[in-house]
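Enquirer: The sequence shown: position 143 = 146 (my numbering), numbered continuously. Handing you this structure, nothing more for now.
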Amino acid sequence: MRSNISTTKSQHVNKVKELEKRVKSLQVEITATNEKVEKTETLITQSIRGLQTKQEKVDALTNQSESRKAAKVQLQKDVDSMRKEVGELEEAFNNTHAALGKQASKDSEELTKFEQYLGLRIEAVDIDLLKFKFVNVDPVDVDREVWCELSVAEQDYKIGLTNPSLPKDVVLRIQKELNSHGELVAFLQAMRQALRVQLS
């Protein structure tokens, strides 16, 4: 009986630790998402300010001499063009915001499955560096822990160290696929398979 209680307590402690690590990972993802949103909002604000400045110039030119009509026409074209650009930026911002939210929800569900059934653990090594650890990969030693690092410091993801070490062409292929589709779950599946092949 005491042994069962000890085992249950140990399992509970391990689960709490895993949840804490998951929270850290999600915080990193949320920070990255917020940074992208803030950059887009800043760009929209700057564009709107530029639009207002040009519109003020158009209004001022309305009451000026005939010789400046040509400049007014050109400036109006610039204003119309910038209005269109602002509209496109706002649409892109809304689409990106919606897509990020949808993808984050999808990734969260899939990551939970990975953690439960495939022994995935995620660690935030640094503010912009994640480490994904797997067990049940080595056919000889199912408890052996293998891992890979992923940098999210720049716009494009970059795979860092792996254990076991993977061939450069394999790393570059998986990295290219990740930056193409942006789906974390698909990346984890590909990386887990590559590590398994490397161990076989």
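All C-beta atoms in this analysis are idealised placements derived from N, C-alpha and C, irrespective of residue type, glycine included.
(1) Distance, Cα to Cα, I47 vs E59?
(2) Check each candidate in V128, V145, L133 and name the one with the smallest Cα separation from G122.
(3) Under 8 Å, with one C-beta from each stretch per pair, do the stretch 188-202 and the stretch 142-161 reach the 3-pair mark?
(4) The alpha helix (DSSP H) with D207 in it runs from where to where?
(5) Helix, strand or coil, according to DSSP, for R124 in the structure here?
(6) Cβ atoms of L132 and S154: under 9 Å apart, would you say?
(7) In terms of residue numbering, what span does the beta strand (DSSP E) encompassing V188 cover?
(8) Would E152 and K179 qualify as a contact pair, given that the criterion is a beta-carbon distance under 9 Å?
(9) Using a Cβ-Cβ cut-off of 7 Å (strictly less than) and excluding sequence neighbours within five positions of K24, which residues of its own chain qualify?
Expert: Put simply:
(1) So the two alpha carbons sit approximately 18 Å from each other.
(2) Considering only V128, V145, L133, the residue with the shortest C-alpha distance to G122 is V145.
(3) These segments touch.
(4) Shown here, the chain extends from 4 to 203; a query on residue 207 therefore has no answer.
(5) Correct three-state label for R124: strand.
(6) In this structure, S154 places its C-beta atom within 9 Å of the C-beta atom of L132.
(7) Premise fails: V188 lies in the alpha helix (DSSP H), 187-202, not in any beta strand (DSSP E).
(8) Not a contact, by the Cβ cut-off of 9 Å.
(9) These residues qualify, in order along the chain: R124, I125, E126.
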